[in-house]
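**Q** Let me begin by handing over the structure; questions about it come next.
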Amino acid sequence: MTEAQGYKEFVKLIHKKTGIDLSLYKEAQMKRRLTSLRDRRGFETFPRYFEAIGREPKLFHELLDRMTINVSEFYRNRQRFDVLENKVIPMLLQGKKKIRVWSAACSTGEEPYTLAMILSKFIPLSQIEIIATDLDDNALERAQKGVYSERSLKEAPAESVHKFFKKEGAFYHIAPEIKQCVTFKKHNLLADPYQKDCDLIVCRNVMIYFTEEAKEEIYRNFSKSLKKDGVFFVGSTEQIFSPNKYGFDVYDTFFYKKR
Ligand SMILES: C[S@@+](CC[C@H](N)C(=O)[O-])C[C@H]1O[C@@H](n2cnc3c(N)ncnc32)[C@H](O)[C@@H]1O
Numbered sequence: 002m003t004e005a006q007g008y009k010e011f012v013k014l015i016h017k018k019t020g021i022d023l024s025l026y027k028e029a030q031m032k033r034r035l036t037s038l039r040d041r042r043g044f045e046t047f048p049r050y051f052e053a054i055g056r057e058p059k060l061f062h063e064l065l066d067r068m069t070i071n072v073s074e075f076y077r078n079r080q081r082f083d084v085l086e087n088k089v090i091p092m093l094l095q096g097k098k099k100i101r102v103w104s105a106a107c108s109t110g111e112e113p114y115t116l117a118m119i120l121s122k123f124i125p126l127s128q129i130e131i132i133a134t135d136l137d138d139n140a141l142e143r144a145q146k147g148v149y150s151e152r153s154l155k156e157a158p159a160e161s162v163h164k165f166f167k168k169e170g171a172f173y174h175i176a177p178e179i180k181q182c183v184t185f186k187k188h189n190l191l192a193d194p195y196q197k198d199c200d201l202i203v204c205r206n207v208m209i210y211f212t213e214e215a216k217e218e219i220y221r222n223f224s225k226s227l228k229k230d231g232v233f234f235v236g237s238t239e240q241i242f243s244p245n246k247y248g249f250d251v252y253d254t255f256f257y258k259k260r
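In structure tokens, the structure reads:
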């Protein structure tokens, strides 16, 4: 079996084992990530590596970690969150007291908690409901714990850190009232049914990993998930090439409004 065949077979086996279809992720990038991990663990071929993964849960979890790239932080690309706060949320809340928010591919929770902190400036915490989803159980578990290092707070406004975190030793614990605004659920963007009737969908820094075909399908699904005039907020390298195709108008850079 050639190296290319070995990888293809590995992708199939991983799909069966985890439900994650790596063929919908950009191949060169994913292959490079997984090959370097495989080599580091001393396996010469993907079939050998897969066998070992079946025997050793530690190797399996390490692979899952490598496949799902969990880097996140509070107020990631702060200026975009300023636009969200000053322009998008006031528009969405016109004539309404509540909005339905979905943070998709939320990783370890920094993004949905940031949304809750911002929304708390407009509506009472008891009225805020954010659904936050990710593929990765480990990330969701950490999100639910809500304990962060100082590094993840470097872009957060000092007043929010002061108001919504308690520092214990080197770590910052998110306030229980912010935690209560967010419901975490497991969800695979490439396989599971999508939320309905959302006013705001935030999906950032994950589309870059998908193939063009997978992205198109995801945009179509997000468009269906949004209410009319709802907003889709993407990552700062993830502008949509032809938003019209999905029923979106550009509302601001990295924000799209559903027609
Ligand atoms: C780099 S993080 C982005 C976190 C956050 N949205 C942000 O911008 O800071 C990417 C996340 O996408 C998740 N992910 C990867 N593939 C996914 C899929 N098919 N469905 C749902 N989440 C996925 C990973 O588990 C990871 O937590």
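Per the working numbering, the sequence shown starts with residue 2, numbered consecutively.
We put the CB at the ideal spot given by N, CA and C, even for glycine.
Just so it is clear, the structure is predicted and the values come from calculations on it, not from any experiment.
#1: Which of the three DSSP states, helix, strand or coil, is assigned to Gly231?
#2: What is the residue span of the alpha helix (DSSP H) that Val12 lies within?
#3: Once DSSP output is grouped into helix, strand and coil, what is the label at Arg101?
#4: Is it buried or exposed for Gly231, if we count other Cβ within 10 angstroms and need 16 for buried?
#5: Thinking just about the alpha-carbon of each residue, which of Ser24, Ile124 and Met92 is nearest to the one in Phe182?
#6: Check the DSSP bridge columns for Thr184 and list the partner residues they point to.
#7: Unbroken beta strand (DSSP E) runs of length 3 or more, entirely within the region 23-69: which are they?
#8: Taking 7 Å as the cut-off, is the C-beta of Val207 nearer than that to any heavy atom in ligand 1?
#9: With a CB to CB cut of under 7 Å and the five nearest residues on each side skipped, what residues in its chain are close to His174?
#10: Over what stretch of residues does the beta strand (DSSP E) that includes Asp138 continue unbroken?
#11: Pairs of beta-carbons, one from the region 69-85 and one from the region 106-122, closer than 8 Å: are there three or more?
#12: Under three-state DSSP, which class holds Lys164?
#13: According to DSSP, is Tyr195 helix, strand or coil?
#14: Which stretch, first to last residue, makes up the beta strand (DSSP E) that contains Tyr257?
#15: Under three-state DSSP, which class holds Tyr173?
#16: Leaving out five residues on either side along the sequence, give the residues of the same chain with a beta carbon under 7 Å from the beta carbon of Ser237.
**A** Once the coordinates are examined:
#1: strand
#2: Here the alpha helix (DSSP H) through Val12 covers Glu4 to Thr19.
#3: strand
#4: buried
#5: According to the sequence provided, residue 182 is Cys. The question's Phe does not apply to it. Considering only alpha carbons, the answer is Ile124.
#6: Ile132
#7: none
#8: yes
#9: Gly147, Val148, Phe166 and Lys167, listed in sequence order.
#10: Taken as a continuous stretch (DSSP letters only), Asp138 belongs to no beta strand (DSSP E), being part of the alpha helix (DSSP H) at Asp138 to Lys146.
#11: yes
#12: helix
#13: coil
#14: Phe256 to Lys259
#15: If DSSP states are grouped into helix, strand and coil, Tyr173 belongs with the strands.
#16: Closer than 7 Å at Cβ, skipping near neighbours: Asn78, Arg81 and Phe255.
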